[in-house]
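In the working numbering, the protein residues as written are 7 to 146. Below is one structure, written out as structure tokens; comments come after it.
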Amino acid sequence: MLPSTTKPVANFVPCVQTGNLLFVSGQIPTWNGELRYVGRVGAEVSVDDARAAARLCALNLLAQARDFLGTLDRVKQVCLLQGFVNAVPGFIHHPAVVNGASDLLVEVFGESGKHSRFAVGSGSLPFNVAVEVAAVLEVG
């Protein structure tokens, strides 16, 4: 089950399609509009909770893609996952956190869910959430 989508709080759109590529804007860990996993990873948020936050971000990413495309059946390949972790200085486990999103995409799409990605640390994120993810999808 996917969460309901939310409207952007700034001047952007959730998805842009050009040709067969769908760019899905950064998604934060909300469930039906309620913020979850607020705080810095390595301080207020554990690595395990941050991994769960990344998974929730990916669920929101899929919800946005489904709303834009009408169905997730049109997704042919997850091309790129972009992961941002709101972490304390010296934190080094960004890949483990973003695996929460990566693992979900592979669970949903199988081989087509395997993707290139980056997982980077950030000094802060919107609303002080622990994680934000965005993606580029190939669609048919």
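The beta-carbon is built from N, C-alpha and C at its ideal position, and this holds for glycine as well.
Return the bridge partner residues of residue i from the DSSP annotation.
| i | result |
| --- | --- |
| residue 28 | 23 and 143 |
| residue 50 | Paired residues: none, contrary to the question. |
| residue 89 | 125 and 139 |
| residue 36 | 41 |
Use the C-beta contact count for residue i: other C-beta atoms within 10 angstroms, 16 or more gives buried, fewer gives exposed.
| i | result |
| --- | --- |
| residue 90 | buried |
| residue 26 | exposed |
| residue 111 | buried |
| residue 38 | exposed |
Have a look at the options and flag the residue whose alpha-carbon is nearest the alpha-carbon of residue i.
| i | options | result |
| --- | --- | --- |
| residue 83 | 144, 20 and 24 | 144 |
| residue 96 | 129, 12 and 31 | 129 |
| residue 103 | 73, 51 and 27 | 51 |
| residue 65 | 46, 134 and 34 | 34 |
| residue 32 | 86, 76 and 98 | 86 |
| residue 133 | 46, 73 and 57 | 46 |
| residue 56 | 142, 11, 94 and 106 | 106 |
If residue i and residue j are in contact, beta carbons under 8 Å, what's the gap, nearest whole angstrom?
| i | j | result |
| --- | --- | --- |
| residue 59 | residue 137 | 4 Å |
| residue 41 | residue 135 | 7 Å |
Taking Cβ to Cβ, would you say residue i is nearer than 7 Å to residue j?
| i | j | result |
| --- | --- | --- |
| residue 8 | residue 75 | no |
| residue 88 | residue 124 | yes |
| residue 11 | residue 73 | yes |
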